[in-house]
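Please read the structure below before turning to the comments.
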Amino acid sequence: MRIFLLGGSGRTGSLTLAEALSRNHTVTALVRRPDALPSQPNVSIITGTPLNQADISNSFASAPRSDPIRVVISTLNTGRTSDNPWAKTTSPSNLMAESVRNTLAVMKEHGVKKMVVLGTNGVGSSRANGGWLFNWIVDHSNLKVTFDDHYEVQKLLEAEAEKDVDFKWVDVRATGLDNGEKKEVKEFGNEGKGVGWFISRKSVAGFLLDAVEGSQWDRQTPLYYMEWQLTVCAIMNTEVLHKGSCHCKKVNLEVLHSPDIELSECNCSICSMKGFLGFVIEKSALKSLQGEENLEVYKFGTGTAQHMFCKCCGISPLTVPRSYPEGYNINYRCLARDNVRSINVTPRDGQNWEQEMAKDIVGKH
Ligand SMILES: NC(=O)c1ccc[n+]([C@@H]2O[C@H](COP(=O)([O-])OP(=O)(O)OC[C@H]3O[C@@H](n4cnc5c(N)ncnc54)[C@H](OP(=O)(O)O)[C@@H]3O)[C@@H](O)[C@H]2O)c1
1 MRIFLLGGSG RTGSLTLAEA LSRNHTVTAL VRRPDALPSQ PNVSIITGTP
51 LNQADISNSF ASAPRSDPIR VVISTLNTGR TSDNPWAKTT SPSNLMAESV
101 RNTLAVMKEH GVKKMVVLGT NGVGSSRANG GWLFNWIVDH SNLKVTFDDH
151 YEVQKLLEAE AEKDVDFKWV DVRATGLDNG EKKEVKEFGN EGKGVGWFIS
201 RKSVAGFLLD AVEGSQWDRQ TPLYYMEWQL TVCAIMNTEV LHKGSCHCKK
251 VNLEVLHSPD IELSECNCSI CSMKGFLGFV IEKSALKSLQ GEENLEVYKF
301 GTGTAQHMFC KCCGISPLTV PRSYPEGYNI NYRCLARDNV RSINVTPRDG
351 QNWEQEMAKD IVGKH
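Position 131 (the sequence shown) corresponds to 131 in the UniProt record's numbering; numbering is contiguous.
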């Protein structure tokens, strides 16, 4: 896949370029100086600045038709007189936001729908976790210009996703960057609670590519808006929006659930006939159910379970299970797989229902 890279001449940017090539991607890098990057196979170097929209347009236009740009990564940073983060700034205060704004406009022209940016811990929802001293230092030093610019980038990405449901973005909020070796990256969620102080640039480069290739960190829809930045350095067990439907698509649903799904294959009389592969959720996790009027309910036995199916196509995207009538049993076979990272299927002995009842159902199916 061809990646458009902004900031490829920088410390994290050059490692991100190397990581992309090691994963067999091709890269178009827009850099200010033609000698900023060595010429090498699978890299197209375009000279220009992201502050000039025409330079970005040229970059997109230069990609071969057989290998167009599909995704953007930005590792831009505020320009400074030295690598010291406190050094005097040399770039416009809105370098990153203006570059992202220009890039979004060109992405739109070319139908490119994903952008991954390197942000920083301490911005937006992770600010509170920074602590008063850290925030005071940021606010009273020339770090502020970088933090404010990152925040503007975040707002631009959010606004774009509000306008275009297909637009996907990940803002990777790294903690302090060092030049150590690549290690496993852990995530700490949007607020960064418990995050450590440092992460290596190599680890961040790997994570940026993980975010490019995977969809588990993408923001999916403005309807169920969540801030979707990651503070890299710890584990985040974040739920994602899974979309599904019946066969004729008269019934559509959205379920908020982990990308890792524990499924149960029940051998009861109806599940085995239907081939229902289910996972039970709380009702609140069903974020939308469109076309409910097309659902017919079939009941038998105690009548507790509501076996819902589409009147048109007969497919059952969800039921109200007898074992947990406060929730829903979602039919995994009706879900889109984009946001599924893993599944684990456990047989469920629905023929001996009373014994199964003793088990904790929600989250385990
Ligand atoms: N340092 C940390 O501890 C830390 C922690 C968390 C997050 N971050 C974030 O990580 C990101 C990357 O940091 P880094 O240290 O890898 O960056 P860096 O080495 O400073 O690289 C900055 C990049 O931005 C480009 N750039 C700067 N001014 C520009 C301008 N006026 N016009 C066009 N391009 C310009 C540079 O191009 P040239 O080569 O042409 O100058 C370079 O490619 C930053 O956004 C930073 O805020 C840093």
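Think of the CB as a built atom: it goes at the ideal place given N, C-alpha and C, for glycine as much as any other residue.
Out of the options, which one is the CA nearest neighbour of residue i?
i    : options                   : result
N102 : F188, C246, L157 and N331 : L157
E213 : H110, H25 and S258        : H25
Q290 : C268, S245, Q306 and S258 : S245
P325 : K311, N331 and G303       : G303
V116 : S269, A211 and E282       : A211
A29  : T47, F309 and G124        : T47
D164 : L104, E181, N142 and R33  : L104
E292 : G301, I315, F279 and S272 : I315
H247 : W136, L295, A305 and F279 : L295
A63  : D83, M1, A18 and N344     : M1
S258 : S215, K249, V251 and E265 : S215
V112 : K182, E19 and D67         : D67
T75  : E160, P41, F134 and V170  : V170
A336 : N252, T319, W353 and G122 : N252
N129 : K249, D166 and E191       : E191
K249 : W86, I199, K311 and V100  : K311
V27  : L5, G13 and A61           : L5
V31  : R23, N58 and N352         : N58
P85  : P41, N135, A61 and S141   : S141
A285 : L318, E265, G301 and Q306 : L318
D83  : T12, S99 and S39          : T12
Does the beta carbon of residue i fall short of 7 Å from some heavy atom of ligand 1?
i    : result
P38  : no
L5   : no
T75  : yes
S91  : yes
T302 : no
N329 : no
P85  : yes
G176 : yes
R101 : no
L17  : no
R70  : no
V31  : yes
P34  : no
T28  : no
Any idea what DSSP makes of residue i, helix, strand or coil?
i    : result
L46  : The identity of residue 46 in the sequence shown is Ile, whereas the question assumes Leu. Residue state, collapsed to three classes: strand.
C334 : helix
N237 : Per-residue confidence for N237 stands at a pLDDT of 42, beneath the threshold of 50, marking its modelled position as unreliable; no derived number is given.
F167 : coil
T221 : Residue placement at T221 cannot be trusted, given a pLDDT of 39 that sits under 50; what the coordinates show is reported in the next sentence. DSSP places T221 in coil when its eight states are reduced to three.
H307 : strand
F207 : helix
L6   : strand
E254 : strand
H110 : helix
Y324 : coil
P347 : strand
F188 : coil
G176 : strand
K202 : helix
M96  : helix
M226 : With a pLDDT of 39 at M226, under the threshold of 50, the modelled position of that residue is not reliable, and no figure is offered here.
C266 : strand
I73  : strand
V138 : helix
N102 : helix
Assuming residue i and residue j make a contact with CB atoms under 8 Å, what is their CB distance in whole Å?
i    : j    : result
R201 : S126 : Rounded, the Cβ-Cβ distance is 19 Å, inconsistent with contact.
K155 : K114 : Not a contact, Cβ separation roughly 18 Å.
F147 : V138 : 5 Å
L177 : V204 : 7 Å
S342 : D260 : 5 Å
L37  : S9   : 6 Å
I69  : H110 : 7 Å
S272 : R348 : S272 to R348, Cβ: 10 Å. No contact.
Is the beta carbon of residue i less than 8 Å from the beta carbon of residue j?
i    : j    : result
R333 : G275 : yes
N267 : G350 : yes
T346 : E239 : no
K287 : E254 : yes
T81  : K88  : yes
I56  : I3   : no
I270 : Y328 : no
V145 : S93  : yes
L256 : N339 : no
T49  : N121 : no
L118 : L208 : yes
M107 : D149 : no
L277 : N331 : yes
L151 : G180 : Sequence check: residue 151 is Tyr here, not Leu. Their beta carbons are not under 8 Å apart, which means Y151 does not touch G180 by this criterion.
At a cut-off of 7 Å, would you count residue i as near ligand 3, judging by its Cβ distance to the nearest heavy atom?
i    : result
L157 : Summarising the ligand content, the structure contains ligand 1 and does not contain ligand 3.
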